[in-house]
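**Q**
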Amino acid sequence: MRLSFKIAARFLKFNLAQTFLIVTGIAIGVSVQVFIGLLIQGLQQDLVNTTIGNSPQITISATKEAAVIENWEEAIDEIKENEPGLSAISAAADGPAFLLKDDRSDPVIVRGWIFEDAEGIYSIEEKLVEGRLPKEGEVIAGLNLKDELGLSLNEEMKLATASGRIEEYRISGFYDFRVSSINSSWVITDIKTAQGLFDYGDEVTSIEMQVQDVFAADIIADSINNRIDNEDLIIDNWKAQNQELLSGLNGQSISSIMIQVFVMISVVLGISSVLAITVMQKSKEIGILKAMGIRDGDASRIFLLQGLILGVFGAMLGVALGLGLSVAFTTFALNPDGTPVIAFYINYGFIALSGGIAILASLVASFIPARKSLKLNPIEVIRNG
Amino acid sequence: MADIIKLEKVSKIYGDKIKTQVLFDLDLAFERGSFNSIIGASGSGKSTLLNIIGTLDKPTAGKVLIGDRDVSILAKKQLADLRNSTLGFIFQFHYLLPEFTALENVLMPHRIKGGGVDKSTFKKAEELMDMVGLSKVKNNPANNMSGGQQQRTAIARALMNNPEIILADEPTGNLDSDSTENIYKNLREINERSETTFVIITHDRRIAEKADRIVEIKDGKIEMDVSR
Ligand SMILES: Nc1ncnc2c1ncn2[C@@H]1O[C@H](COP(=O)(O)OP(=O)(O)OP(=O)(O)O)[C@@H](O)[C@H]1O
Ligand SMILES: [Mg+2]
Numbered sequence: 069m070r071l072s073f074k075i076a077a078r079f080l081k082f083n084l085a086q087t088f089l090i091v092t093g094i095a096i097g098v099s100v101q102v103f104i105g106l107l108i109q110g111l112q113q114d115l116v117n118t119t120i121g122n123s124p125q126i127t128i129s130a131t132k133e134a135a136v137i138e139n140w141e142e143a144i145d146e147i148k149e150n151e152p153g154l155s156a157i158s159a160a161a162d163g164p165a166f167l168l169k170d171d172r173s174d175p176v177i178v179r180g181w182i183f184e185d186a187e188g189i190y191s192i193e194e195k196l197v198e199g200r201l202p203k204e205g206e207v208i209a210g211l212n213l214k215d216e217l218g219l220s221l222n223e224e225m226k227l228a229t230a231s232g233r234i235e236e237y238r239i240s241g242f243y244d245f246r247v248s249s250i251n252s253s254w255v256i257t258d259i260k261t262a263q264g265l266f267d268y269g270d271e272v273t274s275i276e277m278q279v280q281d282v283f284a285a286d287i288i289a290d291s292i293n294n295r296i297d298n299e300d301l302i303i304d305n306w307k308a309q310n311q312e313l314l315s316g317l318n319g320q321s322i323s324s325i326m327i328q329v330f331v332m333i334s335v336v337l338g339i340s341s342v343l344a345i346t347v348m349q350k351s352k353e354i355g356i357l358k359a360m361g362i363r364d365g366d367a368s369r370i371f372l373l374q375g376l377i378l379g380v381f382g383a384m385l386g387v388a389l390g391l392g393l394s395v396a397f398t399t400f401a402l403n404p405d406g407t408p409v410i411a412f413y414i415n416y417g418f419i420a421l422s423g424g425i426a427i428l429a430s431l432v433a434s435f436i437p438a439r440k441s442l443k444l445n446p447i448e449v450i451r452n453g
Numbered sequence: 004m005a006d007i008i009k010l011e012k013v014s015k016i017y018g019d020k021i022k023t024q025v026l027f028d029l030d031l032a033f034e035r036g037s038f039n040s041i042i043g044a045s046g047s048g049k050s051t052l053l054n055i056i057g058t059l060d061k062p063t064a065g066k067v068l069i070g071d072r073d074v075s076i077l078a079k080k081q082l083a084d085l086r087n088s089t090l091g092f093i094f095q096f097h098y099l100l101p102e103f104t105a106l107e108n109v110l111m112p113h114r115i116k117g118g119g120v121d122k123s124t125f126k127k128a129e130e131l132m133d134m135v136g137l138s139k140v141k142n143n144p145a146n147n148m149s150g151g152q153q154q155r156t157a158i159a160r161a162l163m164n165n166p167e168i169i170l171a172d173e174p175t176g177n178l179d180s181d182s183t184e185n186i187y188k189n190l191r192e193i194n195e196r197s198e199t200t201f202v203i204i205t206h207d208r209r210i211a212e213k214a215d216r217i218v219e220i221k222d223g224k225i226e227m228d229v230s231r
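Going line by line, the protein sequences match chains A and B. In case it helps, the numbering used here puts the first sequence at residues 69 to 453. In case it helps, the numbering used here puts the second sequence at residues 4 to 231.
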């Protein structure tokens with residue numbers, strides 16, 4: 069093995085220009101693979117983030133008849149304990165109300181949160197553009213609502229519920245979710261305030277969750293459903309509500325795989341044809357080595373190791389090139405506001421996989437010359453000078 | 004003394020459609036530790052005979068025994084090991100590996116045998132290079148040497164594993180008479196010191212006459228076989 073490696077390395081070093089060419093060929097294949105793969109993954113990640121990144125991915129809500137979730141604190145504890153895939157969980161007390169200002173009466177949704185839990189889902193602090201988070205008896209409103217109604221900080225907001233109750237709350241701040249339907253309808257407050265306004269007592273109306281692997285949301289939702297097993301509750305997940313987005317993402321994944329398969333095929337074909345030529349080039353050397361008594365296994369291992377070495381160097385160079393391309397792309401392809409057009413997410417697993425596949429492909433490609441070398445008879449070389 | 008090489012009724016026919024018979028029912032044996040020369044006109048079949056003895060080529064008919072072992076029944080691995088440890092080749096065309104230096108070429112049979120290269124192995128290779136008069140160019144790439152230097156390197160390489168048998172095909176064809184003289188003196192010394200059997204093809208009658216035995220091949224048959 070050591071001898072085969074030594075000879076393989078020496079052969080490659082001896083034909084340095086040719087070796088460099090093959091390594092470059094493999095590297096270009098790998099870099100295209102890495103770049104396109106990361107690009108598409110970045111696109112998907114962006115899409116997923118903007119669509120569901122700051123919203124609950126699994127929601128437990130009460131049916132109309134039940135109206136509220138009883139024993140919600142125990143339910144949360146149980147879910148937390150048994151579902152390791154969750155990244156955030158938060159209870160909410162929600163209800164419809166009318167915002168009364170001047171002569172107008174606008175429908176809004178009042179959302180009562182425990183802010184330290186809700187932060188994990190909504191990143192509300194980032195979205196606060198004015199003032200601070202509400203304490204008990206305070207609310208925050210979206211920018212659209214503010215502009216529409218001319219609301220101002222520390223003003224009292226008058227809210228009327230369907231049951232006829234009218235309450236006033238101090239506006240402690242304004243937020244911007246960058247989604248106008250939210251910005252014009254959500255009035256966010258502390259959970260106690262909402263519970264008081266809607267007479268929920270200590271109960272809540274929904275439990276919202278985010279998961280680590282967004283694509284596993286449906287599986288986790290099913291598992292929660294089985295665990296809770298309560299007919300008064302409805303469990304929903306983003307996948308069930310976003311079929312179109314999902315099929316779009318799927319299409320992208322498939323096209324990405326297709327591209328990668330074709331790149332890989334061309335890499336394999338390239339390496340195997342070049343390695344097949346090197347076995348012809350080196351047939352004299354192999355003949356001499358066989359006349360000196362090298363075993364067939366060691367002789368063919370020379371070519372496998374050449375394939376392996378070419379693959380490893382090609383993969384390393386290719387990964388470096390691919391990452392470089394990606395970094396260049398995020399640095400130079402910018403939106404007018406200076407953010408990258410596509411933010412790359414460096415997926416180390418995927419990069420390692422691309423490199424690994426290239427190495428494996430090189431190894432497979434070198435099986436052909438390795439087999440050919442088995443058939444080589446030293447006398448052919450000795451006789452023909 | 005016992006025969007280390009034995010050929011029984013060895014024939015060689017080249018070609019499938021147009022058959023050329025090159026060797027005709029040869030019966031030939033070489034004693035262990037003997038120093039033999041083979042002479043004959045060009046095309047008489049000397050190289051063919053030597054390649055068959057060296058297991059590189061197969062006879063069309065007949066048997067080859069090396070140290071009492073019939074080589075036709077050996078597995079590929081055993082054959083490889085036989086070539087590596089028992090036989091030492093010096094080819095008509097020297098055949099070095101151009102990717103390696105002269106010294107590395109000399110060490111190659113040892114590496115193939117599977118031994119690591121320690122100080123004593125290294126010293127041995129250097130001594131062999133010294134013996135063939137190449138200590139100055141031992142670190143040259145093999146293809147950066149003159150034809151005669153390459154041939155001498157090939158001689159050193161054949162001796163590296165202390166083989167029982169050295170098969171040489173015109174080993175000094177490219178050398179001047181002084182170097183030739185010197186190399187034969189060394190080979191003879193090795194022959195006497197370690198009982199290595201030599202079978203050497205040569206055109207040079209003066210050299211042939213220094214051997215223990217001269218076998219002359221003519222048209223694939225033994226024309227003359229004299230021992231001193
Ligand atoms: N592969 C082959 N196919 C057909 N004929 C061959 C083949 N190899 C050798 N021959 C023929 O066999 C005969 C003997 O060849 P060989 O090489 O053994 O001669 P030689 O005695 O070594 O000659 P020289 O002194 O020139 O080296 C020649 O006539 C040659 O043409
Ligand atoms: Mg010849």
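Even for Gly, the Cβ is constructed at its ideal location relative to N, Cα and C.
Can you tell me whether Arg208(B) sits near ligand 1, meaning its C-beta is under 7 Å from at least one heavy atom of the ligand?
**A** no
**Q** Arg363(A) and Ala83(B) look like a contact to me (Cβ under 8 Å); what is the Cβ gap, rounded to whole Å?
**A** 5 Å
**Q** Whose Cβ in chain B lies nearer than 9 Å to the Cβ of Met348(A)?
**A** Neighbours of Met348(A) on chain B: none; closest Cβ ~16 Å, over 9 Å.
**Q** Mind checking if Phe79(A) is an interface residue toward chain B, Cβ cutoff 8 Å exclusive?
**A** yes
**Q** Cβ of Lys20(B) within 7 Å of any heavy atom in ligand 1?
**A** no
**Q** Does the Cβ of Lys49(B) lie closer than 7 Å to at least one heavy atom of ligand 1?
**A** yes
**Q** Is the Cβ of Thr100(B) closer than 8 Å to any Cβ of chain A?
**A** The residue asked about is misnamed: residue 100(B) is Leu in this sequence, not Thr. At least one beta carbon of chain A lies nearer than 8 Å to the beta carbon of Leu100(B).
**Q** Going along chain A, which residues have a C-beta under 9 Å from Asn87(B)?
**A** Met360, Gly361, Ile362, Arg363
**Q** So which residues on chain D does Leu59(B) lean against when the C-beta distance must stay under 7 Å?
**A** Absent from the structure is chain D; the protein chains it does hold are A and B.
**Q** Please tell me whether Phe82(A) has its Cβ less than 8 Å away from any Cβ of chain B.
**A** Yes, Phe82(A) counts as interfacial toward chain B.
**Q** Under the assumption that Glu223(A) contacts Ile234(A) (Cβ atoms under 8 Å), give the Cβ distance between them as a whole number of angstroms.
**A** For a cut-off of 8 Å, the C-beta gap from Glu223(A) to Ile234(A) is around 16 Å, too long to register as a contact.
**Q** Only counting runs of 4 or more residues, tell me where the alpha helix (DSSP H) segments fall wholly within the segment 126-168 of chain A, in order along the chain.
**A** 140-150
**Q** Please name the residue or residues paired with Trp254(A) in a DSSP beta bridge.
**A** Ile177(A)
**Q** Taking 7 Å as the cut-off, does the CB of Gln154(B) come closer than this to any heavy atom belonging to ligand 2?
**A** no
**Q** Whose Cβ in chain B lies nearer than 8 Å to the Cβ of Ile327(A)?
**A** By Cβ distance, chain B contributes nothing, its closest Cβ being about 38 Å from Ile327(A), past 8 Å.
**Q** Flag Met148(B) as yes if its beta-carbon sits less than 8 Å from any beta-carbon of chain A, otherwise no.
**A** No, Met148(B) does not count as interfacial toward chain A.
**Q** Between the alpha carbons of Ile108(A) and Asp290(A), how many angstroms are there, rounded?
**A** 29 Å
**Q** I need the straight-line Cα distance from Asp6(B) to Glu34(B), nearest angstrom please.
**A** 4 Å
**Q** Take every Cβ of the segment 99-107 of chain A, pair it with every Cβ of the segment 260-278 of chain A, and state whether three or more of those distances are shorter than 8 Å.
**A** no
**Q** If Val387(A) sits next to Gly423(A), beta carbons under 8 Å apart, how far is it from one beta carbon to the other, in whole angstroms?
**A** 5 Å
**Q** Go through the segment 106-168 of chain B residue by residue and report every complete run of the alpha helix (DSSP H) that reaches 4 residues or more, in order.
**A** Runs of the alpha helix (DSSP H) inside the segment 106-168 of chain B: 122-134, 150-162.
**Q** With a threshold of 7 Å, establish whether the CB of Gln95(B) neighbours any heavy atom of ligand 1.
**A** yes
**Q** Opposite Tyr237(A) in the DSSP bridges: which residues?
**A** Partner(s): Met225(A).
**Q** Where DSSP assigns a beta bridge to Gly91(B), which residues make up the other side?
**A** When DSSP reads this structure, Gly91(B) sits in a beta bridge with Ile169(B).
**Q** Quick one: what does DSSP say Leu2(B) is sitting in, helix, strand or coil?
**A** Examination of residue 2(B) is not possible in this model, given that chain B is present from 4 through 231 alone.
**Q** What ranges does the beta strand (DSSP E) occupy inside the segment 295-381 of chain A, keeping only unbroken runs of at least 3 residues that lie completely in it?
**A** 301-305
**Q** With a 10 Å radius around its C-beta and 16 neighbouring C-beta atoms as the bar for buried, classify Tyr98(B) as buried or exposed.
**A** buried
**Q** CB Gly375(A) to CB Ala426(A), shorter than 8 Å?
**A** no
**Q** Using a Cβ cut-off of 7 Å, pull out every chain B residue sitting near Phe356(A), in sequence order please.
**A** In the sequence under discussion, the amino acid at residue 356(A) is Ile, which differs from the Phe named in the question. Annotation: Cβ neighbours of Ile356(A) in chain B (cutoff 7 Å, chain order): Tyr98, Leu100.
**Q** Is the CB-CB distance between Val102(A) and Gly390(A) below 8 Å?
**A** Yes, these two residues count as a Cβ contact at 8 Å.
**Q** Which one or two residues does DSSP pair with Tyr17(B) in a beta bridge?
**A** Thr23(B)
**Q** Considering Asp179(B), what are the terminal residues of the beta strand (DSSP E) in which it resides?
**A** Per DSSP, Asp179(B) belongs to no beta strand (DSSP E) and is neither H nor E.
**Q** Quick one: is the Cβ of Asp172(B) within less than 7 Å of any heavy atom of ligand 2?
**A** yes
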